[in-house]
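A short write-up of the structure that comes next.
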Amino acid sequence: MSSQTVAIVSDIHYAGEAEQAGYQRRPQTVKNPFARLAIRSFRDYVWLRNPTGQNHLLHQFFNRAPQTDLVIANGDFSCDIHCVGLSDDASFASARLCLDQLRHRFGDRLHLTIGDHELGKVSMVGARGGPRLQSWQRATAELALKPFWQVEAGRYILMGVTSTLGAWPVYHDEGLPEEVARWEELRRIHLAEIRAAFARLRPHQKVILFCHDPTALPYLYCEPAIRERVQQIERTVIGHLHSPTLLNLARMLSGMPRVNFLGAGVRRLSIALRQAKLWNAFRVTLCPSLAGTELLKDGGFLTLILSDNPAEPAQIQPHEIRR
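Each residue of the sequence shown is one higher than the one before, starting from 166 at the first, in my numbering.
Spelled out as structure tokens, the structure:
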């Protein structure tokens, strides 16, 4: 029996010169000095002290990734410092730099998933930003990112979906009012593609699903064509959470009530956690960010071994990146 190998990287958050400079000049959106101190302490000692200063980790990935048949980059290519996705010129430049390097390195072995920071979302602090259709246009037309893709690897079908479209009901109130109808149309088209792909599955085939943000998974489960074949999903690889510790915490908090009074970011997070029990049906595995968290330094990437032997499930190997 033969096998194929896949390298998986997520949440690279590359920063070009304009994003690095813009991050240093970003305005203070929190006026309360005690709140500012708490947020800065969390960022510097728990989350990530210098999010625009991690470009060297992409080169570590290049140097350490083994030779594989396929490479999947599972979204979030820039730092999205203004929270409007690739409609921001600085974030677009960062994403282009990142993608140019990935494509040069891996060629046609590379498959790319659209993350939430490609399209924009309201920030957790300061209520800035949101999804922008210009970001969608730049991602799909100028950077040639495919909203949905699939590739066959022996008995496996690898599929990549756009989590923001899947989870659009969560983002609906964050978009510009004049753009909401078009976003909903894009979602209908996207879900139709995914339904058709699942309907075409043969009984012996298994799916490895790539979905950047697990917030989309409960909405995919609502689709009968997907739910009826969810047992054929052997593994769903997510990004977004950056750290295995955060995935474990999300599982602990699954079922929590929706929180509407602390802003759009907290509302979005609470909706995701309320439905997180449904993630289990998708057999979720997290690919951490390259940087991980400041507290744990737990960044890295994954490799996946896919055997043609039906008795051998997919094997996942984590690889730590030191920083």
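Beta carbons: idealized from backbone N, C-alpha and C, even for Gly.
Identified DSSP bridge partners for residue i
| i | result |
| --- | --- |
| H484 | F466 |
| H276 | I237 |
| S167 | In DSSP, S167 forms no bridge with anything. |
| S175 | S454 |
| R229 | Its beta-bridge partners do not exist; DSSP assigns none. |
| R400 | I373 |
| Q315 | M324 |
Exposure of residue i, with buried meaning 16 or more beta-carbon neighbours within 10 Å
| i | result |
| --- | --- |
| E317 | exposed |
| R297 | buried |
| N239 | buried |
| A381 | buried |
| K196 | exposed |
| R403 | Checking the sequence shown, residue 403 turns out to be Ile, not Arg. Buried, by the Cβ-count rule. |
| Q302 | exposed |
| D473 | exposed |
| V211 | exposed |
| E226 | Here residue 226 turns out to be Phe, not Glu, going by the sequence shown. Under this definition F226 is a buried residue. |
Inter-residue CB distance, residue i and residue j (contact presumed, cutoff 8 Å)
| i | j | result |
| --- | --- | --- |
| C248 | I177 | With 8 Å as the limit, C248 and I177 do not qualify as a contact, their Cβ atoms being about 18 Å apart. |
| D281 | T329 | 5 Å |
| S175 | C376 | Wrong, their Cβ atoms sit about 11 Å apart, outside the cutoff. |
Distance between residue j and residue i (C-alpha atoms, nearest Å)
| i | j | result |
| --- | --- | --- |
| R392 | D254 | 39 Å |
| D463 | H407 | 9 Å |
| F447 | R293 | 32 Å |
| A364 | A332 | 21 Å |
| T217 | C244 | 7 Å |
| V372 | K442 | 20 Å |
| N425 | L471 | 43 Å |
| P312 | I279 | 7 Å |
| R268 | Y179 | 14 Å |
| A258 | A304 | 12 Å |
| Q525 | L323 | Outside the displayed span of the chain (166 to 488) sits residue 525, for which this structure offers no information. |
| A306 | Q299 | 10 Å |
Hey, is the region 198-205 in contact with the region 266-276, meaning 3+ C-beta pairs nearer than 8 Å?
-> no
Is there contact between the region 345-353 and the region 324-337, where contact requires at least three CB pairs shorter than 8 Å?
-> yes
For the region 408-421 against the region 451-463, are there 3 or more C-beta pairs whose distance is under 8 Å?
-> yes
Is it true that the region 226-234 meets the region 168-176, where meeting means three or more beta-carbon pairs spaced less than 8 Å apart?
-> The region 226-234 vs the region 168-176: in contact.
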